[in-house]
Amino acid sequence: METELVQQIKQRKEYLKELGVEYKVNPRLSVIVTSFNQKQNINLLYSSLRENPDVHEIIICEDGSVDGSLEEWDKLLNHPNDFILRSNDLHEIRSTDRAISMGRGEICCIIQDDDKPRHPTWTAEALEEFDRDEKLGVLGGMCGWTDFFNSGVCCTEDFHRPSLDDGKKFSYVEHVNVGPFFIRKKFFEEVGGWDFEISKPGEMGMGFDHEICYRMWEHGFHVGHYYPFNFTNNDKSGSTYTQAGGEEARNELGKRQMKFVKELIVAKYTKEKIQEIGACVNNLNLELRGE
């Protein structure tokens with residue numbers, strides 16, 4: 091006579107079989123979600139990813155939430171290429187490094203658990219750019235900077251895309267931040283991955299996303315920015331800014347972050363190298379516009 095456990099195992103196997111979803115050995119895109127105490131957004135985010143035809147692999151970096159996020163993800167994720175990496179407050183650098191290593195996608199995309207991608211074109215348009223430019227290593231859809239150490243021109247989500255027909259406004263930039271933060275996996279590995287010296291385990295890895303962009307340029311790869319349609323990212327609602335306190339404290343944290351990024355880049359690159367990268371960005375944009 092079968093035990094209750096055996097019956098449950100058989101029922102689960104039958105349920106998964108009826109889903110009719112096969113394991114993909116080489117998916118084009120792996121989406122990595124950094125998860126930390128934003129349970130209220132998980133259902134919206136999950137539904138958006140599951141309904142997106144470009145997303146064949148989902149990897150959750152669940153870094154020790156106390157609000158039930160882990161249990162919520164575990165309840166929802168039921169496809170063969172769905173994975174949960176459980177860690178204990180390692181923070182983004184180390185948790186996403188593990189996720190990129192295990193991901194099978196040619197392109198990996200890091201998003202956060204407070205992101206709200208409401209239209210599937212955000213992935214298709216990004217993948218188009220990787221197809222167009224074989225040297226594109228990183229593509230961001232939140233903020234992007236050019237002439238960072240002078241005028242500091244910033245493309246941000248505040249300059250929102252009014253409609254799908256308005257266009258993604260792709261441009262080359264010096265650096266972008268998470269997320270969405272698309273990265274070509276083989277280039278990520280070629281430049282050495284994240285810089286673990288930026289922070290210790292458990293500390294906020296401020297600037298890790300910006301820093302690797304400069305390394306991409308240093309190795310001859312490109313960094314771009316685009317405006318995904320109806321992909322909202324309110325960085326004031328995420329865990330980092332929530333813990334910072336009120337609006338004034340959060341704004342101050344943002345300023346400190348930009349100051350830290352500048353100090354980080356200046357410490358690693360000469361003025362000449364930074365100027366060389368800026369000139370390369372400018373030339374590529376001129377070429378893109380046919381000038």
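To convert a position in the sequence shown, counted from 1, into the numbering used here, add 90.
Idealized CB from N, CA, C, for every residue including glycine.
With residue i and residue j assumed to form a contact (beta carbons below 8 Å), what rounded beta-carbon distance in angstroms separates them?
{"i": "V145", "j": "L109", "result": "That pair is no contact at about 16 Å."}
{"i": "K352", "j": "F239", "result": "7 Å"}
{"i": "E42", "j": "G195", "result": "The first residue shown for the chain is 91 and the last is 381, placing residue 42 beyond what the model contains."}
{"i": "I99", "j": "C198", "result": "The pair is not a contact, with the Cβ atoms about 32 Å apart (cut-off 8 Å)."}
{"i": "N171", "j": "Y113", "result": "6 Å"}
{"i": "F271", "j": "I174", "result": "Incorrect: roughly 20 Å between the Cβ atoms, too far for contact."}
{"i": "E287", "j": "P210", "result": "Actually they do not touch by this definition, with Cβ atoms about 38 Å apart."}
Around the Cβ of residue i, are there at least 16 other Cβ atoms within 10 angstroms (buried) or fewer (exposed)?
{"i": "N168", "result": "exposed"}
{"i": "K258", "result": "buried"}
{"i": "V356", "result": "exposed"}
{"i": "G328", "result": "Because G328 carries a pLDDT of 49, less than 50, the predicted location of this residue cannot be relied on, and the following value inherits that uncertainty. Counting Cβ neighbours within 10 Å, G328 comes out buried, since at least 16 surround it."}
{"i": "T322", "result": "exposed"}
{"i": "E264", "result": "buried"}
{"i": "M232", "result": "buried"}
{"i": "Q333", "result": "Its pLDDT being 49, under 50, Q333 is placed unreliably in this model, and the value from its coordinates should be taken loosely. The residue in question, Q333, is exposed, as its Cβ has fewer than 16 Cβ neighbours within 10 Å."}
{"i": "P143", "result": "exposed"}
{"i": "T124", "result": "buried"}
{"i": "Q128", "result": "buried"}
{"i": "L254", "result": "exposed"}
{"i": "A216", "result": "buried"}
{"i": "V65", "result": "In the structure as shown, the chain begins at 91 and stops at 381. Residue 65 is therefore absent and cannot be evaluated."}
{"i": "E377", "result": "exposed"}
{"i": "L95", "result": "exposed"}
{"i": "G242", "result": "exposed"}
{"i": "D384", "result": "Residue numbering for the chain in the displayed model covers 91 to 381; residue 384 lies beyond these limits and cannot be assessed."}
{"i": "G193", "result": "buried"}
{"i": "M221", "result": "The sequence shown places Asp at residue 221, not Met. Its Cβ having fewer than 16 others within 10 Å, D221 is exposed."}
Is the beta carbon of residue i sitting closer than 7 Å to the one on residue j?
{"i": "I367", "j": "W284", "result": "no"}
{"i": "D204", "j": "N320", "result": "no"}
{"i": "R184", "j": "P252", "result": "no"}
{"i": "H312", "j": "K225", "result": "yes"}
{"i": "W212", "j": "P318", "result": "yes"}
{"i": "G269", "j": "Q202", "result": "yes"}
{"i": "G310", "j": "L354", "result": "no"}
{"i": "G295", "j": "E182", "result": "yes"}
{"i": "A214", "j": "I149", "result": "no"}
{"i": "G154", "j": "N133", "result": "no"}
{"i": "V371", "j": "T236", "result": "yes"}
Looking at chain C, is there any beta carbon in it that lies within less than 7 Å of the beta carbon of residue i?
{"i": "F220", "result": "Checking the listed chains, one finds no chain C in this structure; it contains a single protein chain."}
Looking only at its chain, what residues have a beta carbon closer than 6 Å to the beta carbon of residue i, apart from the 5 residues adjacent to it on each side?
{"i": "C245", "result": "G234 and H315"}
{"i": "N375", "result": "S261 and Y262"}
{"i": "P207", "result": "S138 and F321"}
{"i": "G230", "result": "V266, F271 and H315"}
{"i": "T93", "result": "none"}
I'd like the list of long-range same chain contacts for residue i, defined as Cβ closer than 7 Å, with 5 residues on each side in sequence excluded.
{"i": "K165", "result": "none"}
{"i": "N341", "result": "none"}
{"i": "G227", "result": "I273, R274, F277, M306, F311, H312 and V313"}
{"i": "C303", "result": "V228, E264, H265, V266 and V313"}
{"i": "G158", "result": "K129"}
{"i": "E293", "result": "H181"}
Near residue i, what residues of its chain come up, given a Cβ to Cβ distance below 8 Å and the 5 sequence neighbours on each side ignored?
{"i": "D223", "result": "H312 and G314"}
{"i": "K65", "result": "There is simply no residue 65 to check, as the chain begins at 91 and stops at 381 in what is shown."}
Problem - Minimum length 3: unbroken beta strand (DSSP E) runs contained in the segment 169-246 - result: Counting only runs of 3 or more residues that sit fully inside the segment 169-246, the beta strand (DSSP E) segments are 172-176, 197-202, 226-230, 234-236 and 243-245, in chain order.
Handout entry: Ranges of the alpha helix (DSSP H) found wholly within the segment 109-165, counting only runs of at least 4
Key = With a minimum length of 4 residues, the continuous alpha helix (DSSP H) runs that stay inside the segment 109-165 are 132-140.
Practice task
Starting from the N-terminal side, write out each stretch of the alpha helix (DSSP H) that is 4 residues or longer and does not extend beyond the segment 260-308.
Solution key: 275-280 and 298-308
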